[in-house]
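Peer 1: The numbering used here puts the first residue of the sequence shown at 26, with every later residue one more than the last. Note that beta-carbon positions come from the ideal geometry of N, C-alpha and C, so glycine has one too. Every value quoted in this text rests on a predicted model; they were computed, and no experiment measured them.
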Amino acid sequence: MVLRSSKSPEQPATSASADSSQDSEVRPYEDLSGRSPTPGGYAQDPLQRPGSLQWFLAIGLLAAIVAIYAQVVEFDFIEVDDPYHVTRNPFVQQGLTTESVRWSFTTWHAGYWIPATWISHMLDVEWFGLHPGGHHATNVLLHAANALLVGFLLFRGSGALLPSAFAAALFALHPLRVESVAWITERKDVLSTFFGLLSIAAYGCYVRRRSLVSYFVSLLAMMFSLASKPMLVSLPIALLLIDFWPLDRMKRMAEVKRCLLEKVPYVLVSLSFGIVTILAQTEAMHLGDAEIVASHHVSLPLRLANASVGAVRYLGMSIWPTDLSIVYPHPNFPGGTPWEAWQVAGAIATLAGLTISALAVRNRRPHLAVGWFWFLATLAPVSGVVQSGVQGLADRFTYVPMLGLCVMVAWSLDEFLYASRSKIQRALVMAAAAVWLLALAFAAWAQTQHWRNTDTIYAKALDAQPTNPMLRTYYGIWLQSAGRLDEATTQYDKAAQTEAYRTVSLLNLGSIARTRNRPDEAIRRYSQVLSIEPDHVDAHVALGEVLGATGQLQRSIEHLDEAVRLSPDNPTTLLALADALNRRPRAASGDARRAVHLAERAVEFTKHQDRRALSTLAKAYGRAGELARASHVRSRMRTLTQSAEMPRSAQSDPSGRP
26 MVLRSSKSPE QPATSASADS SQDSEVRPYE DLSGRSPTPG GYAQDPLQRP GSLQWFLAIG
86 LLAAIVAIYA QVVEFDFIEV DDPYHVTRNP FVQQGLTTES VRWSFTTWHA GYWIPATWIS
146 HMLDVEWFGL HPGGHHATNV LLHAANALLV GFLLFRGSGA LLPSAFAAAL FALHPLRVES
206 VAWITERKDV LSTFFGLLSI AAYGCYVRRR SLVSYFVSLL AMMFSLASKP MLVSLPIALL
266 LIDFWPLDRM KRMAEVKRCL LEKVPYVLVS LSFGIVTILA QTEAMHLGDA EIVASHHVSL
326 PLRLANASVG AVRYLGMSIW PTDLSIVYPH PNFPGGTPWE AWQVAGAIAT LAGLTISALA
386 VRNRRPHLAV GWFWFLATLA PVSGVVQSGV QGLADRFTYV PMLGLCVMVA WSLDEFLYAS
446 RSKIQRALVM AAAAVWLLAL AFAAWAQTQH WRNTDTIYAK ALDAQPTNPM LRTYYGIWLQ
506 SAGRLDEATT QYDKAAQTEA YRTVSLLNLG SIARTRNRPD EAIRRYSQVL SIEPDHVDAH
566 VALGEVLGAT GQLQRSIEHL DEAVRLSPDN PTTLLALADA LNRRPRAASG DARRAVHLAE
626 RAVEFTKHQD RRALSTLAKA YGRAGELARA SHVRSRMRTL TQSAEMPRSA QSDPSGRP
């Protein structure tokens, strides 16, 4: 996937040295099938010669990408992560300012350190405002650039035009690409891959010309890639695979040592970004990211089992993708179905068999070995061995790994065609490959349509997984936030049929009852939650607030007291109890002082930036007779309002983040 190496200019022009130089050069793929390359390094097939055909294929590929993805410029933002990343992110909404750029380099928002991605979103806001069509168009342009880079690098590395074009088309037009392209939030996928491919291109220039400038450009592009998304931390391994084929730089031990030594700076960059990512995920866990917290309860053997089954599932989805969804529940998370022992054993046996086979043919068919190990190496960071999020797998995780599978298919097809002596057989195989590619492209076009808006993406996901309680819960949360309470109630009722999602569904049904001013129904729903989980903090808080609103102040305080006992450092519980105490009759002894203490702690936890906490504290000071302090807090509230200071970290999207 890189530019071919060339003979060193210092090589003496002797016959022996010429042979040696020929050995050290990258062999065009045609050598592997017994075909003689032309002096220019291309096969003597007219279709393989450089010229106008390259432009025709490139333009055809771009036209196909436009035909599939042009529709997205009319699509909306979706209420899954897009608010968290763009539409309700106060820093991104500023566009490219000194403050927003500083934030992008200092935040671990979303559990990652991805300043390049944040800046790209800010640039979109500068150019397009919050019109979603422009943001979508940027994703499509980046994907098109990636597809052309894939074809270019494969062609320059191998000298085989048609296999390179087929691999690029298979990568670009496959339905598994749709999530990364049509979802604005997944800008980090296409942007990270773009810089990763540039890093590989610069590395190819370094190999060809021994240019230190190209080497450092490659390292810099890798840093940009990891600053977009820490996906390509395995790039050093990928470059070693490229050294093996098509660069053919690892024939002798001295060459192997040199290749390994060259990767040391890449490894150091990967380790640095890996440490930063771990710190970001840990910080997100401490800030209460429920998904990351939950992931730490899955044991390593179970994560390894899911990673094995997931890799085999990706292989099947690559051949023919069906029932695609925005989220595939983790089998070991609530609502998921754990894998059977035979499924795990079968997956491990399949992966082991394919790995052994790839190793066995590494010299005769290096494209198979390189493609297979590229798939495994680049999939590893998102395989779930280090779990992040509630998904068991995701379409977007195949964006880079599937490049290896595309190479395996394209070069195997090419080898078969040139080895076959039957023109009819060759014609049938070429027709079958063309029909398969066209079918995948049409499936990608149809899949893209499901990303039109939040309703359509959830409808598609529920059509694929009608019994998925996680999807119904997420969809219900969005419907509730949109004011479509009857539809939300239907989704929660269905999700509540699964034990693991019963409490969250009952909580949300209670919230809907409060919105509809039905306190008795809300009290019943919250009481049901507590009958299932007596220590459920949110249920105690919600029930306490409803009881207080209906005049049952003593029962309200009892539940809020319990919530504070269960979660003493939670500003929400502290403020709820302080508010209830502030409503008690003045004759109640000690209430005012206790309300002051609770509100002061809440203000401290929110770093004096939360208006509700400040309001509760001012009221508590007033009831306690500390009028000067109450006045000072109210002044602080006015300052916050006038200066419109934004919080240092935006809150999570209420729809959840699959």
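Take S295 as the anchor and find which of A330, S592, M247, K276 has the nearest alpha-carbon.
Peer 2: Counting from 1 along the sequence shown, the entry for residue 295 is found at position 270. Residue M247 is the option with its Cα nearest to S295.
Peer 1: State the beta-bridge partners of Y291 as determined by DSSP.
Peer 2: Your numbering for residue 291 matches position 266 in the sequence shown. Paired residues: none, contrary to the question.
Peer 1: Can you tell me which of Q522, S552, R543 puts its alpha carbon nearest to the alpha carbon of L532?
Peer 2: Position 507 of the sequence shown, counting from 1, holds the residue named residue 532. If we check each option's Cα against that of L532, S552 comes out closest.
Peer 1: Taking the beta carbon of K448 as the centre, do at least 16 other beta carbons fall within 10 Å, making it buried, or is it exposed?
Peer 2: For this step, residue 448 is matched to residue 423 along the sequence shown. K448 comes out exposed.
Peer 1: Rounded to whole angstroms, how far is the Cβ of G176 from the Cβ of L86, which I believe are closer than 8 Å?
Peer 2: For the purposes of this step, residue 176 is taken as the residue at position 151 of the sequence shown. For the purposes of this step, residue 86 is taken as the residue at position 61 of the sequence shown. G176 to L86, Cβ: 7 Å. Contact.
Peer 1: Are the CB atoms of L438 and L140 within a distance shorter than 9 Å?
Peer 2: Walking along the sequence shown from the start, residue 140 turns up at place 115. Walking along the sequence shown from the start, residue 438 turns up at place 413. Note that residue 140 corresponds to Pro in the displayed sequence, not to Leu. Against a cut-off of 9 Å, the Cβ pair of L438 and P140 comes out as no contact.
Peer 1: Does D594 pass the burial test, meaning 16 or more other C-beta atoms within 10 Å, or should it be called exposed?
Peer 2: One-based indexing of the sequence shown puts residue 594 at position 569. Answer is exposed; the Cβ neighbour count stays below 16.
Peer 1: Just to confirm, are R430 and S343 a CB contact at a threshold of 9 Å?
Peer 2: As a first step, residue 430 is located in the sequence shown; it is residue number 405 there, counting from the start. As a first step, residue 343 is located in the sequence shown; it is residue number 318 there, counting from the start. The question names Arg, yet the displayed sequence has Leu at residue 430. Contact flag set, yes.
Peer 1: Does the beta-carbon of P326 have 16 or more other beta-carbons within 10 angstroms, so that it is buried, or is it exposed?
Peer 2: To locate residue 326, count along the sequence shown from 1; it is residue 301. By the neighbour-count rule (16 or more Cβ atoms within 10 Å), P326 is not buried but exposed.
Peer 1: Taking only the alpha-carbon atoms, compute the straight-line gap between A684 and V97 and give it to the nearest angstrom.
Peer 2: Nothing about residue 684 can be reported from this structure: the residues present for the chain run from 26 to 683 only.
Peer 1: Take W80 as the anchor and find which of L376, W143, A190, Y94 has the nearest alpha-carbon.
Peer 2: As a working note, residue 80 is residue 55 in the sequence shown. Answer by Cα proximity: A190.
Peer 1: Out of Q306, F630, R202, which has the shortest C-alpha to C-alpha gap to I90?
Peer 2: Counting from one through the sequence shown, the residue named residue 90 turns up at place 65. For I90, the nearest C-alpha among the options comes from R202.
Peer 1: Which whole runs of the alpha helix (DSSP H) in the segment 66-123 are 4 residues long or more, in chain order?
Peer 2: The segment 66-123 contains these whole alpha helix (DSSP H) runs: 77-94, 115-118.
Peer 1: With distance defined between alpha-carbon atoms, name the residue in G371, I557, V589, R328 nearest to Q416.
Peer 2: The sequence position of residue 416 within the sequence shown is 391, counting from 1. Measuring from the Cα of Q416, the nearest candidate turns out to be R328.
Peer 1: Are the CB atoms of T528 and H561 nearer to each other than 9 Å?
Peer 2: The residue you call residue 528 lines up with position 503 of the sequence shown. The residue you call residue 561 lines up with position 536 of the sequence shown. Against a cut-off of 9 Å, the Cβ pair of H561 and T528 comes out as a contact.
Peer 1: Relative to the C-alpha of R659, which residue among R543, T641, R113 is closest?
Peer 2: Indexing the sequence shown from 1 puts residue 659 at position 634. Considering only alpha carbons, the answer is T641.
Peer 1: Does the beta-carbon of K632 have 16 or more other beta-carbons within 10 angstroms, so that it is buried, or is it exposed?
Peer 2: Residue 632 sits at position 607 when you count from the first residue of the sequence shown. Exposed: under 16 other Cβ atoms inside 10 Å.
Peer 1: Sort out for me which residues DSSP pairs Q522 with in a bridge.
Peer 2: Taking the first residue of the sequence shown as 1, we reach residue 522 at position 497. For Q522, which the question treats as bridged, DSSP gives no partner whatsoever.
Peer 1: Strictly by DSSP, which residues pair up with L418?
Peer 2: As a working mapping, residue 418 is identified with position 393 in the sequence shown. Per DSSP, Y353.
Peer 1: Just to check my reading of the structure: I144 and W470 have Cβ atoms closer than 8 Å, yes? What is that Cβ distance to the nearest angstrom?
Peer 2: Residue numbering aside, residue 144 sits at position 119 when the sequence shown is read from its first letter. Residue numbering aside, residue 470 sits at position 445 when the sequence shown is read from its first letter. I144 to W470, Cβ: 31 Å. No contact.
Peer 1: Output the distance between the C-alpha atoms of E684 and Q490, rounded to the nearest integer angstrom.
Peer 2: No information on residue 684 is available, as it lies outside the stretch 26 to 683 that the chain covers here.
Peer 1: In terms of residues, what are the limits of the alpha helix (DSSP H) holding T375?
Peer 2: Along the sequence shown, read from residue 1 onward, the residue named residue 375 stands at position 350. That run of the alpha helix (DSSP H) goes 366-385.
Peer 1: A590 to W152, Cα distance in whole Å?
Peer 2: Taking the sequence shown and counting its residues from 1, one reaches residue 590 at position 565. Taking the sequence shown and counting its residues from 1, one reaches residue 152 at position 127. One detail in the question is off: residue 590 reads as Arg in this sequence, not Ala. Computed Cα separation, rounded: 50 Å.
Peer 1: Going by C-alpha to C-alpha distance, which of A588, W397, V369 sits closest to E558?
Peer 2: For this step, residue 558 is matched to residue 533 along the sequence shown. Answer by Cα proximity: A588.
Peer 1: So, with DSSP's three-state summary, where would you put P391?
Peer 2: By 1-based counting over the sequence shown, the position of residue 391 is 366. The answer is helix: DSSP assigns P391 an H, G or I state.
Peer 1: To the nearest angstrom, report how far apart A227 and L379 are at their CA atoms.
Peer 2: Locating residue 227 in the sequence shown gives position 202, counting from the first residue. Locating residue 379 in the sequence shown gives position 354, counting from the first residue. Computed Cα separation, rounded: 31 Å.
Peer 1: Between E99 and A456, what straight-line distance do the alpha-carbon atoms span, to the nearest angstrom?
Peer 2: Counted from its first residue, the sequence shown places residue 99 at position 74. Counted from its first residue, the sequence shown places residue 456 at position 431. Taking the straight line from one Cα to the other gives about 34 Å.
Peer 1: Among the residues of its own chain, which have a CB less than 8 Å from the CB of A95, if the five just before and after it don't count?
Peer 2: For this step, residue 95 is matched to residue 70 along the sequence shown. For A95, where only same-chain residues beyond five positions count, the Cβ hits under 8 Å are V165.
Peer 1: So, is Q412 buried or exposed, given that buried needs 16 or more other C-beta atoms within 10 angstroms?
Peer 2: Locating residue 412 in the sequence shown gives position 387, where the first residue counts as 1. The residue is buried, with at least 16 neighbouring Cβ atoms inside 10 Å.
Peer 1: What residue range does the alpha helix (DSSP H) around R451 cover?
Peer 2: Here residue 451 refers to the residue found at position 426 when the sequence shown is read from its first residue. R451 -> alpha helix (DSSP H) spans 448-474.
Peer 1: At what residue ranges does the segment 491-549 contain a whole run of the alpha helix (DSSP H), taking only runs of 4 or more?
Peer 2: Runs found: 494-506, 510-520, 527-540.
Peer 1: Between V105 and T479, how many whole angstroms is the CB-CB distance? I'm expecting something under 8 Å.
Peer 2: The residue you call residue 105 lines up with position 80 of the sequence shown. The residue you call residue 479 lines up with position 454 of the sequence shown. That pair is a contact at about 7 Å.
Peer 1: Using a Cβ-Cβ cutoff of less than 8 Å, which residues in the same chain neighbour T597 once the five nearest sequence positions on both sides are dropped?
Peer 2: Here the question's residue 597 lines up with position 572 in the sequence shown. Around T597: V566.
Peer 1: Applying the criterion that 16 or more other CB atoms from any shown protein chain within 10 Å of the CB defines a buried residue, is L585 buried or exposed?
Peer 2: Here residue 585 refers to the residue found at position 560 when the sequence shown is read from its first residue. Per the 10 Å Cβ criterion, buried.
Peer 1: Kindly give me the distance between the Cβ atoms of A624 and A601, rounded to whole angstroms, as I take these residues to be in contact under 8 Å.
Peer 2: Here residue 624 refers to the residue found at position 599 when the sequence shown is read from its first residue. Here residue 601 refers to the residue found at position 576 when the sequence shown is read from its first residue. No, A624 and A601 are not in contact; Cβ-Cβ is about 11 Å, not under 8 Å.
Peer 1: Would you check if the distance between the CB atom of F196 and the CB atom of V258 is smaller than 9 Å?
Peer 2: Indexing the sequence shown from 1 puts residue 196 at position 171. Indexing the sequence shown from 1 puts residue 258 at position 233. No. Outside cutoff.
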